[in-house]
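Trainee:
2 protein chains.
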Amino acid sequence: MKEKDLISVIKNTLNSNYIGDDCAYLKDLDIVITQDSLVEGVHFSLDFITPYQLGYKSVMVNISDISASGAEPKYLTIALSMPKKVTDKNFVEEFYKGAKSACPNGVEIVGGDITGADKVFISVCAIGKTQGRNISSRSNAKIGYKVVVKGEHGTSGAGLKLLLNREKSENKFTKAHLMPKAQVEFGRQIGESVKEEYAMMDTSDGLMDALSTIANNSGVLLDIDFDKVPIDNDIKQFSNWKELVLFGGEDYGIVAVIPARYHTDGTVIGTVKEGLGVDLKIDCNSFHYSQKDVEEKIFNHFTNGD
Amino acid sequence: MKEKDLISVIKNTLNSNYIGDDCAYLKDLDIVITQDSLVEGVHFSLDFITPYQLGYKSVMVNISDISASGAEPKYLTIALSMPKKVTDKNFVEEFYKGAKSACPNGVEIVGGDITGADKVFISVCAIGKTQGRNISSRSNAKIGYKVVVKGEHGTSGAGLKLLLNREKSENKFTKAHLMPKAQVEFGRQIGESVKEEYAMMDTSDGLMDALSTIANNSGVLLDIDFDKVPIDNDIKQFSNWKELVLFGGEDYGIVAVIPARYHTDGTVIGTVKEGLGVDLKIDCNSFHYSQKDVEEKIFNHFTNGD
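Residue numbers (my numbering), protein chains in the order written: chain A, 1 to 306; chain B, 1001 to 1306.
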């Protein structure tokens, strides 16, 4: 089964209104909460990433989800499981140094768990304070809203490609993959300013995934101009750069779908129209992507690879 | 390195006051938070436990930690990683049915993560509301306080022994191991009534571990009468039953160290005296256990087994 189908099974079994967005919004506590895991051999290889970078990235991917909810990141707990061979003081110390370095000002790691395992497994839980802000939902995009994106896309996917090709020297692409930076300021800007319901998601699973998920959960069509998507021009050296920009993933940018009247420091890449899915204008052509089209393109941990 | 040494490394690296108790107390949010992982091959074997029981137990061990803090369990997130071979609808559905069945009234599963992995890995994060109660700390035991225990001990360890001996028929021992019950009512009773600082811990790593941890973190001596520890008398059929009661672990009972004037429905098994460690009266003899003595006896995921 695909990840999205498994999430449907979970949602039906729990009969819960909470499951769906990356963060659960706990109104009585004025917080949001999220949890993301990184598994050796699925999400990373110790051949490519140092313990410091791994600690950093584990935290950053969760900070990214909190920021994309519109809340303010505040507390983290970290569960780290690892084989005996890496349980030396140095691994744990470097991992936690990296984790701490990824915490924006005012964010603290307050607990967690440490156990043995066959492979390194990390699961981080993050809490954000709402601070009176509106919290986003992927089902809140409305016709007439604009689609804003923050962060360059494709860079992380290009970095992964280089790492898989055993590129040893660090460069901006490999760095973007190993040490991504969450768009904390942008998430705060949107959360603090937008007074209406709005949609926001990070692009951890790719730009097209975020666009398609928001479109289909909101029951609208996102009309997107590919040429407006912010990229690092050097990415054009990769033959499949357009695919990397759209589907590469792990850029930890943010897509916000908000009323047109708000000015942000993101880039407007499209508008919301009547219909369903994503219309992508690229090289003077327009392609329609249904939810199914996008899902078939996206790396799926349960169906691709070994 | 031992788990406790690794926790020291983490505490030093983060330079944090939060790390130490099972739950972190976030005063500005009036909540406590905890995270516990269960790893296939380390904490459980799919030969012995069903997906339903696994979901149940994953939740219950975290509910236990919240209850032992004195707070009221409220919200959970669950990260589940698993190999392709078990990613059928049935596994996920049964796991979540079990998880839901372990939630006391008023507790909700609100999110999490699902990914692939070589083995089944579960990490659960739980949040409890303080509701104006005093929150426990393992360093708050004071001279003159009494030591109260709730829950029978050794039963789960006996169950594990039967399972490892390939005992197929379900009985009260295997059930105690596979489907433990957290002492939610007792935790609530203590949290609601005790107005002074107090110590409380669950006995997930064994009764002696909880006693020794509280004693050494508080800088006091716990004077314990083994004969008073509540047990199921049928445990005496096991040749090493006393060891199971003291060190078996996974009973998810609670040890509370509170001022003598409070009446509870737990069993008083000792008192707090000047000194350090645990004095255990057993069969008319008295044995002293230092922190080191206890640690050497306790199963350690990083040093024992493979």
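Where a beta carbon is used, it is the ideal one built from N, C-alpha and C, also for glycine.
(1) Skipping 5 residues on each side, what residues in its chain have a beta carbon closer than 8 Å to that of D118(A)?
(2) What would DSSP say about T95(A), mapped onto helix, strand or coil?
(3) On the DSSP letters alone, give me the boundaries of the beta strand (DSSP E) that L221(A) sits inside.
(4) Which complete beta strand (DSSP E) runs does the region 87–147 of chain A hold, if anything under 3 residues is left out?
(5) What are the residues that DSSP puts in a beta bridge with G277(A)?
(6) How do the region 60–71 of chain A and the region 288–296 of chain A stand: do at least 3 beta-carbon pairs fall below 8 Å, yes or no?
(7) Quick check: is the beta carbon of S156(A) nearer than 9 Å to any beta carbon in chain B?
(8) In three-state terms, what does DSSP make of I1031(B)?
(9) Does DSSP put S1204(B) in a helix, in a strand, or in coil?
(10) What does M1082(B) pair with, by DSSP beta-bridge criteria?
(11) What does S286(A) pair with, by DSSP beta-bridge criteria?
(12) At the 9 Å Cβ level, is H1301(B) part of the contact set with chain A, yes or no?
(13) Straight-line CA distance for G1055(B) to G55(A)?
(14) Is the shortest distance between the beta-carbon of F1238(B) and the beta-carbons of chain A less than 9 Å?
(15) With three or more beta-carbon pairs closer than 8 Å as the criterion, would you say the region 85–101 of chain A touches the region 1031–1046 of chain B?
(16) Determine the direct distance from the alpha carbon of A1068(B) to that of S1037(B), and round the result to whole angstroms.
(17) Which residue's Cα is closest to the Cα of K195(A): E250(A), V229(A), I258(A)?
(18) Output, in chain order, the set of chain A residues within a Cβ distance shorter than 7 Å of Q1035(B).
(19) Leaving aside the five residues before and after E1192(B) along the sequence, list all residues of the same chain whose C-beta is less than 7 Å from its C-beta, in chain order.
(20) Just the C-alpha distance for D232(A) and S204(A), rounded to the nearest angstrom, thanks.
(21) Leaving aside the five residues before and after I1122(B) along the sequence, list all residues of the same chain whose C-beta is less than 6 Å from its C-beta, in chain order.
(22) What are the residues in the region 140–154 of chain A lying within 7 Å of chain B by C-beta distance?
(23) Quick one: which chain B residues come within Cβ less than 7 Å of E3(A)?
(24) Taking beta-carbon pairs under 7 Å, can you tell me which members of the region 40–69 of chain A lie near chain B?
(25) Less than 9 Å between the C-beta atoms of K1172(B) and F1247(B), yes or no?
(26) Quick one, which of Y1025(B), K1242(B), L1006(B) has its alpha-carbon nearest A1071(B)'s?
(27) Quick one: which chain D residues come within Cβ less than 8 Å of S16(A)?
(28) Going by the DSSP bridge assignment, what does F44(A) pair with across the sheet?
(29) At which residues does the alpha helix (DSSP H) containing Y56(A) begin and terminate?
(30) Specify whether the region 153–163 of chain A and the region 212–219 of chain A touch according to this definition: at least 3 beta carbon pairs, one from each stretch, less than 8 Å apart.
(31) Taking C-beta pairs closer than 8 Å, name the residues in chain B that V229(A) reaches, listed in chain order.
(32) Check whether the Cβ atoms of T1130(B) and V1272(B) lie closer than 9 Å to each other.
(33) Any idea what DSSP makes of G266(A), helix, strand or coil?
(34) Quick check on the burial criterion: 16 or more other C-beta atoms within 10 angstroms. Buried or exposed for D1306(B)?
(35) Exposed or buried, G270(A), counting other C-beta atoms within 10 Å across all chains shown (16 or more means buried)?
(36) What residues of chain B sit near I135(A), judged by a beta carbon separation below 7 Å?
Mentor: Checking against the coordinates, here is how it stands:
(1) In the first sequence, the residue the question calls residue 118(A) occupies position 118. Answer for D118(A): P83, listed in chain order.
(2) Within the first sequence, residue 95(A) is the residue found at index 95, counting from 1. Note that residue 95(A) corresponds to Phe in the displayed sequence, not to Thr. Looking at F95(A) - three-state DSSP - the assignment turns out to be helix.
(3) Numbered from 1 along the first sequence, position 221 holds the residue referred to as residue 221(A). From DSSP, the beta strand (DSSP E) with L221(A) extends over 221–225.
(4) 108–116, 121–129
(5) As a working mapping, residue 277(A) is identified with position 277 in the first sequence. According to DSSP, which records beta bridges pairwise, G277(A) is partnered with L221(A).
(6) no
(7) Locating residue 156(A) in the first sequence gives position 156, counting from the first residue. Output row for S156(A): interface = no.
(8) Along the second sequence, one-based indexing puts residue 1031(B) at 31. Looking at I1031(B) - three-state DSSP - the assignment turns out to be strand.
(9) In the second sequence, the residue the question calls residue 1204(B) occupies position 204. Note: S1204(B) maps to coil in three-state DSSP.
(10) The sequence position of residue 1082(B) within the second sequence is 82, counting from 1. Per DSSP, the beta bridge partners of M1082(B) are G1116(B).
(11) For the purposes of this step, residue 286(A) is taken as residue 286 along the first sequence, with counting starting at 1. Bridge partners of S286(A): K281(A).
(12) For the purposes of this step, residue 1301(B) is identified with residue 301 of the second sequence, where counting begins at 1. Legend: pLDDT at H1301(B) = 48, less than 50; position of this residue unreliable, value from coordinates given subsequently. With 9 Å as the cut-off, H1301(B) counts as an interface residue toward chain A.
(13) As a working note, residue 1055(B) is residue 55 in the second sequence. As a working note, residue 55(A) is residue 55 in the first sequence. Their backbone Cα atoms lie some 27 Å apart in a straight line.
(14) What you label residue 1238(B) is simply residue 238 of the second sequence in a count that begins at 1. No, because no Cβ of chain A sits closer than 9 Å to the Cβ of F1238(B).
(15) With the cut-off at 8 Å, the region 85–101 of chain A and the region 1031–1046 of chain B do not touch.
(16) Here residue 1037(B) refers to the residue found at position 37 when the second sequence is read from its first residue. Here residue 1068(B) refers to the residue found at position 68 when the second sequence is read from its first residue. So the two alpha carbons sit approximately 17 Å from each other.
(17) Counting from one through the first sequence, the residue named residue 195(A) turns up at place 195. Comparing Cα positions, the closest option is I258(A).
(18) Numbered from 1 along the second sequence, position 35 holds the residue referred to as residue 1035(B). Going along chain A in sequence order, the residues near Q1035(B) (Cβ under 7 Å) are T77, A79, G111, G112, D113, C125.
(19) If you number the second sequence from 1, residue 1192(B) lands on position 192. Taken in chain order, the residues that qualify are R1133.
(20) Position 232 of the first sequence holds residue 232(A). Position 204 of the first sequence holds residue 204(A). Cα-Cα distance, rounded: 18 Å.
(21) Along the second sequence, one-based indexing puts residue 1122(B) at 122. So the list reads L1038, S1058, L1080, once near-sequence residues are dropped.
(22) Result list empty, no residue passes.
(23) Numbered from its first residue, the first sequence carries residue 3(A) at position 3. Within chain B, the residues placing a beta-carbon under 7 Å from that of E3(A) are I1114, ordered along the chain.
(24) G41, V42
(25) Here the question's residue 1172(B) lines up with position 172 in the second sequence. Here the question's residue 1247(B) lines up with position 247 in the second sequence. Result no, Cβ atoms of K1172(B) and F1247(B) do not sit closer than 9 Å.
(26) Within the second sequence, the letter at position 71 stands for residue 1071(B). If we check each option's Cα against that of A1071(B), Y1025(B) comes out closest.
(27) No chain D is present in this structure, whose protein chains are A and B.
(28) One-based indexing of the first sequence puts residue 44(A) at position 44. Answer is E40(A), bridged to F44(A).
(29) Residue numbering aside, residue 56(A) sits at position 56 when the first sequence is read from its first letter. Element bounds for Y56(A): 51–69.
(30) no
(31) Taking the first sequence and counting its residues from 1, the one referred to as residue 229(A) is at position 229. Within chain B, not a single residue places a beta-carbon under 8 Å from that of V229(A); the smallest gap is close to 27 Å.
(32) Along the second sequence, one-based indexing puts residue 1130(B) at 130. Along the second sequence, one-based indexing puts residue 1272(B) at 272. No, the Cβ-Cβ distance between T1130(B) and V1272(B) is not below 9 Å.
(33) Along the first sequence, one-based indexing puts residue 266(A) at 266. Correct three-state label for G266(A): coil.
(34) Counted from its first residue, the second sequence places residue 1306(B) at position 306. Note that D1306(B) has pLDDT 32, beneath the 50 cutoff, so the model's placement of it is unreliable and no number is given.
(35) Taking the first residue of the first sequence as position 1, residue 270(A) is located at position 270. By the 10 Å Cβ count, G270(A) comes out buried.
(36) Taking the first sequence and counting its residues from 1, the one referred to as residue 135(A) is at position 135. None at all; the shortest Cβ gap to chain B is about 13 Å.
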